[in-house]
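Visitor:
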Amino acid sequence: MKASLGRIGAMMTRYTYLYLVSPIRILELVYWPTFNMLIWGFMQEYLNAATHPAVFAASYLVAAVLLWDVLFRSQLGLTLGFVEEMWARNLGHLAVSPLRPLEFVGALIATSLVRTLVGVGGAGFLATLFFGFNALELGVGLALFFLNLVIMGWGVGLVVCAILLRYGLAAEALAWGALFVLQPLCGVFYPVSILPDWLEPIARALPATHVFEGMRTVVQDGRLDTGLLAQAFLLNIPYALAGLAAFLGSYAVARRRGLLMSTGE
Amino acid sequence: MTSAPAAVEARNLSKEFDGRTVVDRISFTVPRGTTFGLLGANGAGKTTTILMLLGLLRPDSGEARVLGHDMERDRFRALQRANFSSPYVSLPHRLTARQNLTVYGRLYGVAGVRRRIEQIARELRIEDLLDRPVGQMSAGQKTRVGIGKVLLNNPEVLFLDEPTASLSPESATWLRSFLGRYRDSTRATIVLASHNMPEVEAMCDNVAFLQQGRLLEQGAPSELIRRHGKQTLEQVFLEVAEAAIDQRRGPGVEA
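If you're matching them up, the sequences are chains P and B in order. Residue numbers for the first sequence follow this note's numbering, beginning at 1 and rising by one. Residue numbers for the second sequence follow this note's numbering, beginning at 266 and rising by one.
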């Protein structure tokens, strides 16, 4: 166990070094979450002035965009760690080291968590300064929403890594774009009830949908709907397991086809 | 009393890619403390064999064992005590040599990584390279840093893919002698792939000739030279390779 944590720590050291040798990368962590939040924050201000308060809760859009960024950054953080190894043609070296695939996944998850906290945390702080939005007002729900979103982000991220292992860097765009396929379905900015009837069951099969529904309940009614959270947690279990199975399965195929040493630019 | 298992064993290893056989039922044993060379032209199957021995590539059939561990079921125990380097797969370019060695030192659970890196840098004469990004190094410098990574965990088995391919003649000679000293002082085993016959003749206790994935002949270089009545290992290899080609063509077919 200690050795295992040591190897996960070694990989986190590797990703930390990447920021030390290129400090400009830290900017990338906070740049998009911040500007995303600012755009939607100003939109929120405008809507608050133009519509009746009953129609639109005061911090609804800012909360939505910050939580969406938690989901997106957790997926991106995990996938980019993996893509970094492909760019560096380092997968072969890692595969002949004592690093187990599950430890590699552990390191990617831990790094993704740090990246998400830095990126979204910075944007959340600015949301307080600019728009008076206090994420802590979401109460205990904030931690539970966050946890559900990062788990789903990791599940999707692992599936993307599995595809990258299979198809190489030709599939690199998926690292940035995969989750946007799900964004219209998750009900980030609107209730899923406005979706066409045939899309609603698909939307409700996504853990994030229940988180965003839950977020709206807290912001509008000040009430934490534990039923929605429970559904999100229950759905996340198969999502996370499927992501892990996809990654490990793809890793095994890569070993059979000799892709680990040849992967790279 | 049971004797220690061989350092490396290949038993009927085979591998196909897209219906083309690249390694065909290869078997050999490498005793501990010896140097074994896989010889052959480009595409002979040397690197594929090494990758299967390391567990990086799964054989279609056969078995690879390193330090007694089955590389299909139990490879991480062996990988902890082995290491690998290839001039064709350098360490990540953005990180400095020291940062790369620190990461790999920690992956291998090396105690006192910082001290170990300094020690290796002195031995390999790469102190001046330690704080330079790997991407800013020449091919030869990357190879030397790669060898530094190989030595980090004091491996009992070193897998080296063409270890001197990108080095100047004097650096190559120095590295060969360094690896020989390392092996003698630690009783480590070295498995190397090369098409540099003089190098293999100088370094290896035993060699295996590969051609189109098949193991044509194996033995000690001096024994092979004597058996074939030749002056050098290169002459032996050419004779064995030509005989294999003739055999494949069949009787009565002119070249």
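No residue lacks a Cβ here, since even glycine has one placed at the ideal position from N, Cα and C.
Select from P/L228, P/I202 and P/A203 the residue whose C-alpha is nearest the C-alpha of P/G214.
Guide: The option with the nearest alpha carbon to P/G214 is P/L228.
Visitor: Count the C-beta pairs between the stretch 350-369 of chain B and the stretch 281-299 of chain B that are closer than 8 Å, then say yes if the count reaches three, no if not.
Guide: Touching, no.
Visitor: Check whether the Cβ atoms of P/V188 and P/A63 sit closer than 7 Å, and answer yes or no.
Guide: No.
Visitor: So, do the stretch 71-82 of chain P and the stretch 172-180 of chain P have three or more beta carbon pairs nearer to each other than 8 Å?
Guide: Short answer: they touch.
Visitor: Could you tell me whether any Cβ in chain B is nearer than 7 Å to the Cβ of P/T16?
Guide: No, P/T16 does not count as interfacial toward chain B.
Visitor: Taking P/I151 as part of the alpha helix (DSSP H), name the residues at either end of that continuous run.
Guide: Its alpha helix (DSSP H) spans residues V140 to Y167.
Visitor: According to the neighbour-count rule (16 or more other Cβ atoms, all chains shown, within 10 Å of its Cβ), is B/D449 buried or exposed?
Guide: Flag for B/D449 reads exposed.
Visitor: Taking just the CA atoms, how far does B/L278 sit from B/G484?
Guide: Their backbone Cα atoms lie some 18 Å apart in a straight line.
Visitor: Start and end of the beta strand (DSSP E) containing B/G484?
Guide: Start and end: R479 to G484.
Visitor: Taking 7 Å as the limit between beta carbons, can you name the residues of its chain near P/E85, skipping five residues before and five after?
Guide: These residues qualify, in order along the chain: L91 and L94.
Visitor: Which word fits B/F251, buried or exposed, when buried means at least 16 other C-beta atoms lie within 10 angstroms of its C-beta?
Guide: This structure gives no information on residue 251 of chain B, because the portion of chain B shown stretches from 266 to 520.
Visitor: Less than 8 Å between the CB atoms is what I'm expecting for B/L498 and B/E466, so what's the real figure, rounded?
Guide: Contact holds; Cβ gap of about 4 Å.
Visitor: Which partner residues does B/R330 have in the DSSP bridge list?
Guide: B/R330 pairs with B/E274 and B/D335.
Visitor: Check each residue of the stretch 236-262 of chain P: if its Cβ is closer than 7 Å to any Cβ of chain B, include it; give the result in chain order.
Guide: Within the stretch 236-262 of chain P, the residues whose Cβ lies closer than 7 Å to some Cβ of chain B are R255, R256, G258, L260 and M261, listed in chain order.
Visitor: With 7 Å set as the bound, which would you pick, yes or no: does the beta-carbon of B/G374 sit closer than that to a beta-carbon of chain P?
Guide: Answer yes: the Cβ-Cβ gap between B/G374 and chain P drops below 7 Å somewhere.
Visitor: Between the Cα of P/V159 and those of P/Y15, P/F82 and P/L234, spot the shortest distance and give me the residue it belongs to.
Guide: Minimum Cα distance to P/V159 is reached at P/F82.
Visitor: Step through the CB atoms of chain C and report whether any lies within less than 7 Å of the CB of P/P98.
Guide: Here chain C cannot be found, since the structure's protein chains are P and B.
Visitor: Pair every Cβ in the stretch 304-315 of chain B with every Cβ in the stretch 477-495 of chain B, then say whether three or more of these pairs are closer than 8 Å.
Guide: Flag = yes, the stretch 304-315 of chain B and the stretch 477-495 of chain B touch.
Visitor: Are the beta-carbon atoms belonging to B/L425 and P/S97 less than 7 Å from one another?
Guide: Going by C-beta atoms, B/L425 is not nearer than 7 Å to P/S97.
Visitor: Run through chain B and tell me which residues come within less than 8 Å of P/S22, C-beta to C-beta.
Guide: Residues of chain B passing the Cβ test: R359.
Visitor: Please report the distance separating the alpha-carbon of B/E263 from that of B/R363.
Guide: Because chain B is modelled from 266 through 520, residue 263 of chain B falls outside the range shown and cannot be assessed.
Visitor: Give every residue of the same chain whose Cβ lies closer than 7 Å to the Cβ of P/S22, excluding the five residues on either side of it in the sequence, and list them in chain order.
Guide: Closer than 7 Å at Cβ, skipping near neighbours: no residue.
Visitor: Measuring only the C-alpha atoms, how far is B/E519 from B/R338?
Guide: Here B/E519 scores only 46 on pLDDT, less than 50, and its place in the model should not be relied on; the value that follows carries that caveat. Each residue's alpha carbon lies about 48 Å from the other.
Visitor: I'd like to know whether the C-beta atoms of P/T217 and P/V192 end up nearer to each other than 7 Å.
Guide: No, Cβ-Cβ distance for P/T217 and P/V192 is not below 7 Å.
Visitor: Considering only DSSP beta bridges, list what B/T300 is partnered with.
Guide: B/T300 pairs with B/I455.
Visitor: What residues from the stretch 396-413 of chain B come within 8 Å of chain P, judged by C-beta to C-beta, listed N to C?
Guide: Listed by position along the chain: P398.
Visitor: What residues from the stretch 82-114 of chain P come within 7 Å of chain B, judged by C-beta to C-beta, listed N to C?
Guide: Result list: A88, R89, N90, G92, H93, A95, V96, S97, P98, L99 and R100.
Visitor: With 16 other CB atoms within 10 Å as the buried threshold, where does P/T128 fall?
Guide: The residue in question, P/T128, is exposed, as its Cβ has fewer than 16 Cβ neighbours within 10 Å.
Visitor: Give the interface partners of B/Q496 over in chain P, defined as CB-CB distance under 8 Å, in chain order.
Guide: Chain P residues near B/Q496: none, gap ~37 Å exceeds 8 Å.
Visitor: Starting from the Cα of B/V273, find the closest Cα among B/R297, B/R397 and B/G494 and give me that residue.
Guide: When each option's Cα is compared against that of B/V273, the closest is B/R297.
Visitor: List the whole-angstrom C-beta distance separating B/F341 from P/R100, where the pair is believed to meet the contact cut-off of C-beta under 8 Å.
Guide: Correct: roughly 6 Å between the Cβ atoms.
Visitor: Could you say which of B/M336, B/T300 and B/R452 lies nearest to P/R255 if we only look at CA atoms?
Guide: Comparing Cα positions, the closest option is B/M336.
Visitor: Between B/L304, B/E281 and B/R285, which lies nearest to B/L457 when the distance is taken from Cα to Cα?
Guide: Nearest of B/L304, B/E281 and B/R285 to B/L457, Cα basis: B/L304.
Visitor: Would DSSP call B/E507 helix, strand or coil?
Guide: DSSP places B/E507 in helix when its eight states are reduced to three.
Visitor: Give me the Cα-Cα distance between P/A232 and P/L241, rounded to the nearest whole angstrom.
Guide: Near 14 Å, if we compare the C-alpha coordinates of P/L241 and P/A232.
Visitor: What does a CB cutoff of less than 6 Å around P/M261 pick up in its chain, not counting 5 residues either side in sequence?
Guide: Counting only Cβ-Cβ distances below 6 Å, and skipping sequence neighbours, we find G92.
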